[in-house]
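Down below is the structure, laid out as structure tokens.
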Amino acid sequence: MRSLVGCLTLILAALPVMAQTLPLNPRKPTGFSTIEQRYVYAPPDEGHFEFPLFPGSGTTGELLIEEPEMCNGSASARVDYSKSEGTVRVRVHYDGLPYRMSAAFQEDRSTPWNQFPVSVTEGKWQIWFVGHIFDKYSIFYYDALTGILIGNEYDVEVEDLPPSAIPVVLPVLHMMQLTPHFESDPNTLVADVDITKDYHQLLDAEGSGGVFVAYIPKQLCKPDELTLYYTDNGLPVDIAMDWDNILDSIHAGYGFALATSLEPDPKPAYLKSRDNIMIGWGGGYPFNVPDGYTSNTLTGALSLRETCETHEALRFPPSIYDFCGPVE
Amino acid sequence: MHKQTKQPLSLVFAVTLVTSLALPASADLGDPLPGLTPAQLDLWEAGRQEFVRTFTPAEGVGPLMNGKSCIDCHQVPVDGGTDPLITENNVFQFGVIFEHQFYQLHEVGGPMRQRMSIEGMEGAEQCVLAPEAPETFVESLPGGFISSRNTPPLFGLGLVDALTDKKINAWSGRRPWKRSSILGVSNQSVEVEGIAPQLVFTLDQVPRTQVTGPVRTGRFGWKAHNSNLYQFSLDPLQGELGLTNPFFHRESEPGIGPLPEDCLVAGEGVNDPDSQIAARISNFMALTAPPERGHVGLQEILGEVVFHAIGCADCHRSSLRTMKDYHLGKPDGEVERIAALSNKVFHPYSDFLLHDLGAANDDQRPMGRASGRLWRTTPMWGIRHKDVIWHDGSIEGVDVGEAVQRHGGEAASVRSTWNNMGSLLRYLVNKFVESL
Numbered sequence: 269m270r271s272l273v274g275c276l277t278l279i280l281a282a283l284p285v286m287a288q289t290l291p292l293n294p295r296k297p298t299g300f301s302t303i304e305q306r307y308v309y310a311p312p313d314e315g316h317f318e319f320p321l322f323p324g325s326g327t328t329g330e331l332l333i334e335e336p337e338m339c340n341g342s343a344s345a346r347v348d349y350s351k352s353e354g355t356v357r358v359r360v361h362y363d364g365l366p367y368r369m370s371a372a373f374q375e376d377r378s379t380p381w382n383q384f385p386v387s388v389t390e391g392k393w394q395i396w397f398v399g400h401i402f403d404k405y406s407i408f409y410y411d412a413l414t415g416i417l418i419g420n421e422y423d424v425e426v427e428d429l430p431p432s433a434i435p436v437v438l439p440v441l442h443m444m445q446l447t448p449h450f451e452s453d454p455n456t457l458v459a460d461v462d463i464t465k466d467y468h469q470l471l472d473a474e475g476s477g478g479v480f481v482a483y484i485p486k487q488l489c490k491p492d493e494l495t496l497y498y499t500d501n502g503l504p505v506d507i508a509m510d511w512d513n514i515l516d517s518i519h520a521g522y523g524f525a526l527a528t529s530l531e532p533d534p535k536p537a538y539l540k541s542r543d544n545i546m547i548g549w550g551g552g553y554p555f556n557v558p559d560g561y562t563s564n565t566l567t568g569a570l571s572l573r574e575t576c577e578t579h580e581a582l583r584f585p586p587s588i589y590d591f592c593g594p595v596e
Numbered sequence: 119m120h121k122q123t124k125q126p127l128s129l130v131f132a133v134t135l136v137t138s139l140a141l142p143a144s145a146d147l148g149d150p151l152p153g154l155t156p157a158q159l160d161l162w163e164a165g166r167q168e169f170v171r172t173f174t175p176a177e178g179v180g181p182l183m184n185g186k187s188c189i190d191c192h193q194v195p196v197d198g199g200t201d202p203l204i205t206e207n208n209v210f211q212f213g214v215i216f217e218h219q220f221y222q223l224h225e226v227g228g229p230m231r232q233r234m235s236i237e238g239m240e241g242a243e244q245c246v247l248a249p250e251a252p253e254t255f256v257e258s259l260p261g262g263f264i265s266s267r268n269t270p271p272l273f274g275l276g277l278v279d280a281l282t283d284k285k286i287n288a289w290s291g292r293r294p295w296k297r298s299s300i301l302g303v304s305n306q307s308v309e310v311e312g313i314a315p316q317l318v319f320t321l322d323q324v325p326r327t328q329v330t331g332p333v334r335t336g337r338f339g340w341k342a343h344n345s346n347l348y349q350f351s352l353d354p355l356q357g358e359l360g361l362t363n364p365f366f367h368r369e370s371e372p373g374i375g376p377l378p379e380d381c382l383v384a385g386e387g388v389n390d391p392d393s394q395i396a397a398r399i400s401n402f403m404a405l406t407a408p409p410e411r412g413h414v415g416l417q418e419i420l421g422e423v424v425f426h427a428i429g430c431a432d433c434h435r436s437s438l439r440t441m442k443d444y445h446l447g448k449p450d451g452e453v454e455r456i457a458a459l460s461n462k463v464f465h466p467y468s469d470f471l472l473h474d475l476g477a478a479n480d481d482q483r484p485m486g487r488a489s490g491r492l493w494r495t496t497p498m499w500g501i502r503h504k505d506v507i508w509h510d511g512s513i514e515g516v517d518v519g520e521a522v523q524r525h526g527g528e529a530a531s532v533r534s535t536w537n538n539m540g541s542l543l544r545y546l547v548n549k550f551v552e553s554l
């Protein structure tokens, strides 16, 4: 048992540093280019930007939907924002959005923390508004006796935690359900979405503050073996995203994204505020993947797209570290 | 009403040729840009002195490093050029790919080899620290790899710094003027302003950080992983020389343990606390003139026509224009518009985009959006001054034929056009490339 405790101290010395103040912290990024003497991307307060969406733009562990009508089609998004009017308007146009498609994983992808459907029959679509790509942090509780992940601060009651529970601060992605279910015209496969939200309080279609998504260790002894984790039931309204902070995040180089997920209709209660991990059209701003390339979902690195078919993304690899080793 | 004068076509051609070649005021290789003001020439000179300066351990070089001066590597045929030891100074990126995931191997000094240490140098007599030698073990690890990178020349980089993101991105992806197999994608990085925690698993006692700032289109480095000269001055100062600054504030370490006390001879804090050395060096690189064309006769002109006709220029883009107003960040924190870099047309023979060159060129090292197979189109200006070409310096001399054979992936169709065309046409392309 001694070795387990020893290794946990080692890891805990490593993980929470993410939240510590850094030794040096030069200026907060402004998004203003010294070289061009202007805002190169997304000016503050008032502005708009456009970007294309591409098939199969999901991430690790997800089902990447790439159907022939998508590879032959196109989709694009436009975001208009106005601080003076207090609005963020998102318009998305799809040409080649599969109609009532069905899809399935080879096996159940549910985790001890989140349930996911194995298959979807005649699904509809939803858009996810991804405002913060791992530039926010949240507390996750782990059991110091076993090293096992208990859950996020918004999913557990502190009073109910075992005495051995320890808080670890880890990065999260903050997103929200932008739309209720929608679908394309069955004849043309065209769909248009036009939705306006509150600039300072971006609430999801259910009226909640959205959802945190994290790629975090399941078990502290194997800190590089990650799992996908979603908070359930919607985040509190008072931590909802604010467009000002999203602009800061774009200016600091983290970026913004939209993703379109295939959803069961009706959605089961467990998926109320989060997405089903089957992803079709998606794209990011300011940088995007031109048509013809596909990205490694683990590293984000690109290579030529050689096929067009719905497939399962890479999964998180097993750990190469095991700090607990065989317990004495 | 104006009078039409008729001239023989050959004369028009000759005159155009002469004027186009005479257009840029001439500068010898390594000289400052023509047209700088006296104050700008002072900035160039102050930067040049830092660029050629050999730093001592007391001034912050090391403890682990790849050189004591920028010109240890960037020197041939003049300061700012390539490796005096041809490939000896190649920089190694190393790591492990396990189940498609890239591990930087911080535990053993990754992801960049430091091939020297200050052990035994003046002022560091007590320091005991072995240089890193990943080549002795990495490739025997499952999934282990080393990516060896040759030193590129740095002439004319101010013009590249002065490209808008839009200009570079306008050429990316499928375009009507390109062969259908040729795409191209930009890499991305930031203009440094701040730092934030890096999302990487490590057992370090001090957090690893990444730089943050306005996100910009990449253009520098073999993987276009860097977007501006200021960053590509801060970064090698720390990464190659061990001279830390507020943005790259960690010394390179041989593993996860702290460096031996006796090797930390430069005192507390970072070595270039106000990033002054970095700012001066970036000014030097920005204000150095591009390489001039060599001899251009009819063969070279025809060679360029063939080069375009067979699709080489779909990636090796001949002409680009810089932004209307390019602002140089100066060491005093002010910015100044540089007329010599604003609204100027130049001829780098690169689109500064990444291209998938196929599995044979996979160096395994992801950098930003560049996977192992993606490489930045190498600017070909000044190629005639090189001893070796290709990212690892593995092609001796300017052997265009061999270089073309290494172009797979997006360029495979262009390679087969090359292989199917007559030797006269290949000869002409060679002549053209050798004139750059």
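Protein sequences, first through last, are from chains L and B. Counting the first sequence from 1 gives a position; my numbering is that position plus 268. Counting the second sequence from 1 gives a position; my numbering is that position plus 118. We put the CB at the ideal spot given by N, CA and C, even for glycine.
For F366/B, the closest C-alpha among the options P372/B, G357/B, G373/B is that of G357/B.
At a cut-off of 8 Å between beta carbons, I434/L makes no contact with chain B. Within the stretch 390-443 of chain L, the complete beta strand (DSSP E) segments at least 3 residues long are 392-411, 417-420, listed from N- to C-terminus.
Secondary structure note for G429/B: it is in no alpha helix (DSSP H), with a DSSP letter that is neither H nor E.
With a threshold of 8 Å between beta carbons, D506/L makes no contact with chain B. W499/B sits away from P364/B, with the two beta carbons spaced by 8 Å or more.
Chain B places a beta carbon closer than 8 Å to that of S571/L, counting this residue as a contact. If one requires a minimum length of 3 residues, the beta strand (DSSP E) runs lying completely within the stretch 296-363 of chain B are 306-308, 312-315, 327-330, 333-335, in chain order. Per DSSP, the beta bridge partners of L470/L are M509/L. P252/B has its alpha-carbon roughly 46 Å from the corresponding atom of L429/L. With fewer than 16 other Cβ atoms inside 10 Å of its own Cβ, L317/B counts as exposed.
Looking at the DSSP output, F210/B bridges to S266/B. M546/L sits in a strand when the DSSP states are folded into three classes. Relative to D160/B, the option among G486/B, L543/B, I399/B, T496/B whose CA is nearest is I399/B.
A distance below 6 Å between beta-carbons, with the five flanking residues on each side excluded, links Q487/L to the following residues of its chain, in chain order: G415, I416. Contact annotation for F220/B against chain L: T567 [CB-CB distance below 7 Å, chain order].
If you look at V532/B, you'll find it in the alpha helix (DSSP H) that goes 530-538. Residues of the stretch 518-541 of chain B whose Cβ lies closer than 9 Å to any Cβ of chain L, in chain order: G527, E528. Taking the CA atoms as reference points, A431/B sits about 30 Å from A343/L.
Close CB contacts of T535/B within its chain, under the 6 Å cut and outside five residues either way in sequence, are with I428 (chain order). Using a 10 angstroms sphere on the CB of A157/B, the tally of other CB atoms stays under 16, which defines it as exposed. Between the alpha carbons of M485/B and P431/L lies a gap of roughly 43 Å. Around the beta carbon of L365/L, 16 or more other beta carbons lie within 10 angstroms, which makes this residue buried. Taking P391/B as the centre and dropping the five residues before and after it, the same chain places the C-beta of N363, P364 closer than 8 Å to its C-beta, in chain order. For D443/B, the nearest CB of chain L lies under 8 Å from its own CB, placing it at the interface with that chain.
Partner residues in the beta bridge of I484/L, as assigned by DSSP, are T495/L.
For the pair S299/B and V414/B, the CB atoms are not nearer than the 8 Å cut-off. The beta carbon of Y497/L lies closer than 6 Å to those of W381, A482, I484 in the same chain, with the five residues before and after it left out. In this structure, H442/L and M509/L form a Cβ contact; the two beta carbons are roughly 6 Å apart against a cut-off of 8 Å.
Proximity of the stretch 343-360 of chain L to the stretch 316-328 of chain L meets the contact definition, three or more beta-carbon pairs being nearer than 8 Å. For T562/L, no chain B residue has a C-beta closer than 8 Å to its own C-beta; the minimum C-beta separation is roughly 10 Å.
A direct Cα-Cα distance of roughly 24 Å separates D505/B from R171/B.
Think of a sphere of 8 Å around the beta carbon of A488/B: the chain L residues whose beta carbon falls inside it are A569, L570, in chain order.
Under DSSP, the beta-bridge partners assigned to E314/L are S350/L. Boundaries around L526/L are those of the beta strand (DSSP E), 524-531, since no alpha helix (DSSP H) includes it.
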